[in-house]
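What follows is a set of notes on a single structure, which appears directly below.
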Amino acid sequence: MEWFSDAARAYAALLSESLFRLTGRAIPADAEQLFEYALPLVSHGTQADPIFRYANRAALDLWGMDWASFTALPSRLSAEAEPDIQGDRQALLQKALQQGFVSDYSGIRISANGQRFRIAQTVLWNVTDRDGQRHGQAALIGSVEPYRAPLA
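Residue 32 is where the sequence shown starts when you use the working numbering, and the numbers rise one by one after that.
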């Protein structure tokens, strides 16, 4: 599913609709506008080890990947394998699953070239259709800054 395919266009509308339904926050429903949206937006599917199924241009640039590579990536690999970081990420996903969404999340992520960065002011929500069918989870990242590990 390339970002401009019919399936991606329908999914962009679903991302927009589900975020608005849960939070009242509006993002473009048009696939091209959402792909070019200034804030990074990613979404993964419902697999046991979820695979990314969407990323807009800002997210692809942030992770340093193209569409085909990113949408083949298990979402857990967007963060370092360090147990604390993975545990934090998993707790966030569970909280959103139970509550519908989580706002103002921050955490550490890692790009394809190994650059670490902190995402903040992030909204994570369950992507659901009008019938309540879950299609995955999505994250809209409000801000990004380089991450430097604290000195020991």
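All residues carry an ideal CB built from backbone N, CA and C; glycine is no exception.
Source: prediction; values computed, not measured.
Here Gly-55 is exposed: its Cβ has fewer than 16 other Cβ atoms, across all protein chains shown, within 10 Å. When C-alpha distances from Asn-144 are compared across Ala-69, Gln-78, Met-96, Ala-44, the shortest belongs to Met-96. Under the Cβ criterion (8 Å, minimum of three pairs), the segment 128-135 does not count as touching the segment 92-106.
Per DSSP, Pro-114 is one residue of the alpha helix (DSSP H) stretching across 114-130.
Counting C-beta pairs closer than 8 Å gives fewer than three between the segment 163-175 and the segment 113-121, which falls short of the contact rule. Beta-bridge analysis with DSSP links Pro-105 to Ile-82. Bounds of the beta strand (DSSP E) holding Gln-152 are 147-159. Taking C-beta atoms as the reference points, Ser-109 and Arg-140 count as a pair closer than 7 Å. In the three-state reduction of the DSSP assignment, Asp-135 falls in the strand class. Annotation for Ser-47: the continuous alpha helix (DSSP H) segment containing it runs 37-54. Distance from the CA atom of Val-73 to the CA atom of Asp-162, rounded to whole angstroms, is 22 Å.
Under the three-state reduction of DSSP output, Ser-142 falls in the coil class, being neither helix nor strand.
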